[in-house]
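A.B. asks: Below is the structure I would like to discuss, written out as structure tokens.
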Amino acid sequence: MSGDMSGGACDLGRAGAAARRSPETAGAPVALPGARGWTPARRVLLRGGPWLALALVFAGFSVSSPLFVTFANLGNVLQQSAVTGLLAFGLTIVMIGGGADAIKGGLDLSIAANLGLCAAVFAALTRGGHGDALALAATCATGVAVGALASCALLSGSAPGAGDYLLPVVAAVLLGVVFSRRLVPTIPGTLVAVLFVGLLANGFQLNSVSSYWVSGVEGALILFVVAAVALLRRRRSQGAFDA
């Protein structure tokens, strides 16, 4: 799971880097060779699609359940989304700080420190005249030891129910990217995405839909965002549409 999400974070960071244009070309539209299928209507749909989806979800649940649009229920959505939002904001900051580097911006923050320690152990042993076999064995042992210590620290406490927040938080952070004009993680985008995920979960509950379907939709959103950002990054690198 960590490796997959790190790959997704890498794609999102690279998409943000591709969205930055040089000062010389900032005011000039990008030429569309052959249009490559990107008409102005498609560009409008691309940028307004997430908001249209949010409006459709809100309208759909309003029709299917009269209780959905009541002030009490909308307040309940905000209350239920508070914890998810706080966690998602923290993860968004991590992804913003990491940029295109999957090690710095991925979900496993211990990789970089473990990598540096293992490299230092290998360099010290080889410089001291020890053979490569001993250096490799010691390096692997160091990595295993650090991982074991991290696992022990992770399992030394218990937070019942905390695991249920993992999928909504990751889905909200990645979904927030499509609410950004430059397709990069942002706090406002994450805020809108948290509300979007909260509305989905609440609407399913009001319509007596199993929570397993909620998790399935959140997982599908993650796959959709990662795939869509990768496609758009490729289109932008080809000069398919104006950033």
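Quick note on my numbering: the sequence shown kicks off at 9 and runs consecutively. Just so you know, even glycine gets a beta-carbon here, dropped at the ideal spot from N, CA and C.
(1) Hey, how far is the Cα of residue 199 from the Cα of residue 160?
(2) At a threshold of 7 Å, does residue 74 count as lining the ligand ZN (C-beta to nearest heavy atom)?
(3) Along the chain, where does the alpha helix (DSSP H) containing residue 210 start, and where does it finish?
(4) Which residue from 237, 228, 177 and 65 puts its Cα closest to that of residue 92?
(5) Is the region 216-235 touching the region 65-81, taking contact as three or more C-beta pairs under 8 Å?
(6) According to the Cβ coordinates, are residue 235 and residue 201 closer than 8 Å?
(7) Hey, how far is the Cα of residue 185 from the Cα of residue 226?
(8) Within its chain, find whatever has a CB closer than 7 Å to the CB of residue 193; leave out the 5 residues flanking it on each side and keep chain order.
(9) Taking DSSP as the reference, what is the three-state secondary structure of residue 147?
(10) Measuring CA to CA, which of 172, 205, 148 and 139 is closest to residue 127?
(11) Should residue 206 go down as buried or exposed, given a rule of 16 or more other Cβ atoms within 10 Å for buried?
(12) Alpha carbons only, please: which of 129, 84 and 174 is nearest the one belonging to residue 154?
(13) For residue 219, name the three-state secondary structure that DSSP assigns.
(14) Alpha carbon to alpha carbon, how far is residue 150 from residue 89?
(15) Just the C-alpha distance for residue 56 and residue 240, rounded to the nearest angstrom, thanks.
(16) Could you check whether residue 187 and residue 58 sit closer than 8 Å to each other, using their CB atoms as the reference points?
(17) Count the other CB atoms within 10 Å of the CB of residue 210; is the residue buried (16 or more) or exposed (fewer)?
(18) Tell me whether residue 96 is buried or exposed, calling it buried when 16 or more other Cβ atoms sit within 10 Å of its Cβ.
(19) Inspect the beta-carbon positions of residue 62 and residue 204 and report whether they are closer than 8 Å.
(20) Less than 8 Å between the beta carbons of residue 146 and residue 133, yes or no?
(21) With distances taken from CA atoms, which of 243, 157, 229 and 212 is nearest residue 69?
(22) So for residue 242, helix, strand or coil by DSSP?
(23) Buried or exposed: which applies to residue 86, given that a residue is buried once 16 or more other Cβ atoms fall within 10 Å of its Cβ?
C.D. replies: Quick look at the numbers:
(1) As a first step, residue 199 is located in the sequence shown; it is residue number 191 there, counting from the start. As a first step, residue 160 is located in the sequence shown; it is residue number 152 there, counting from the start. Roughly 33 Å separates the two Cα atoms.
(2) Ligands displayed in this structure: none; no statement on the ligand ZN is therefore possible.
(3) Mapped onto the sequence shown, residue 210 falls at position 202. If you look at residue 210, you'll find it in the alpha helix (DSSP H) that goes 195-214.
(4) Your numbering for residue 92 matches position 84 in the sequence shown. In terms of Cα proximity to residue 92, the closest of 237, 228, 177 and 65 is 177.
(5) Counting C-beta pairs with one atom in each stretch, the region 216-235 and the region 65-81 have fewer than three that are closer than 8 Å, which means they do not touch.
(6) Numbered from its first residue, the sequence shown carries residue 235 at position 227. Numbered from its first residue, the sequence shown carries residue 201 at position 193. At a Cβ-Cβ threshold of 8 Å, residue 235 and residue 201 do not count as neighbours.
(7) Counting from 1 along the sequence shown, the entry for residue 185 is found at position 177. Counting from 1 along the sequence shown, the entry for residue 226 is found at position 218. Their backbone Cα atoms lie some 15 Å apart in a straight line.
(8) Residue numbering aside, residue 193 sits at position 185 when the sequence shown is read from its first letter. For residue 193, the CB contacts under 7 Å within the same chain, skipping 5 residues up- and downstream, are 20, 100, 103, 104, 181, 184 and 185 in chain order.
(9) Counting from 1 along the sequence shown, the entry for residue 147 is found at position 139. Residue state, collapsed to three classes: helix.
(10) Taking the first residue of the sequence shown as 1, we reach residue 127 at position 119. Comparing alpha carbon positions, the residue from 172, 205, 148 and 139 closest to residue 127 is 148.
(11) Reading the sequence shown from its first residue, position 198 is the one you call residue 206. Answer is buried; the Cβ neighbour count reaches 16.
(12) Translated into positions along the sequence shown, residue 154 becomes position 146. For the residues 129, 84 and 174, the minimum Cα distance to residue 154 belongs to 129.
(13) In the sequence shown, the residue the question calls residue 219 occupies position 211. In the structure shown, residue 219 sits in a helix (DSSP, three-state: H, G or I).
(14) Taking the sequence shown and counting its residues from 1, one reaches residue 150 at position 142. Taking the sequence shown and counting its residues from 1, one reaches residue 89 at position 81. Approximately 40 Å between the Cα atoms of the pair.
(15) Counted from its first residue, the sequence shown places residue 56 at position 48. Counted from its first residue, the sequence shown places residue 240 at position 232. Residue 56 and residue 240 have their alpha carbons spaced roughly 15 Å apart.
(16) Translated into positions along the sequence shown, residue 58 becomes position 50. Translated into positions along the sequence shown, residue 187 becomes position 179. In this structure, residue 58 lies near residue 187, with their beta-carbon atoms less than 8 Å apart.
(17) Counting from 1 along the sequence shown, the entry for residue 210 is found at position 202. Around the Cβ of residue 210, a 10 Å sphere holds 16 or more other Cβ atoms; the residue is buried.
(18) Counting from one through the sequence shown, the residue named residue 96 turns up at place 88. Flag for residue 96 reads buried.
(19) Working through the sequence shown from its first residue, we reach residue 62 at position 54. Working through the sequence shown from its first residue, we reach residue 204 at position 196. Pairing residue 62 with residue 204 gives a Cβ-Cβ distance under 8 Å.
(20) Counting from one through the sequence shown, the residue named residue 146 turns up at place 138. Counting from one through the sequence shown, the residue named residue 133 turns up at place 125. Contact check for residue 146 against residue 133 passes: the beta carbons are separated by less than 8 Å.
(21) In the sequence shown, counting from the first residue as 1, residue 69 sits at position 61. Answer by Cα proximity: 212.
(22) Sequence index remark: in the sequence shown, residue 242 carries index 234 (1-based). Residue 242 falls in the helix class under three-state DSSP.
(23) Within the sequence shown, numbered from 1, the residue matching residue 86 stands at position 78. It counts as exposed.
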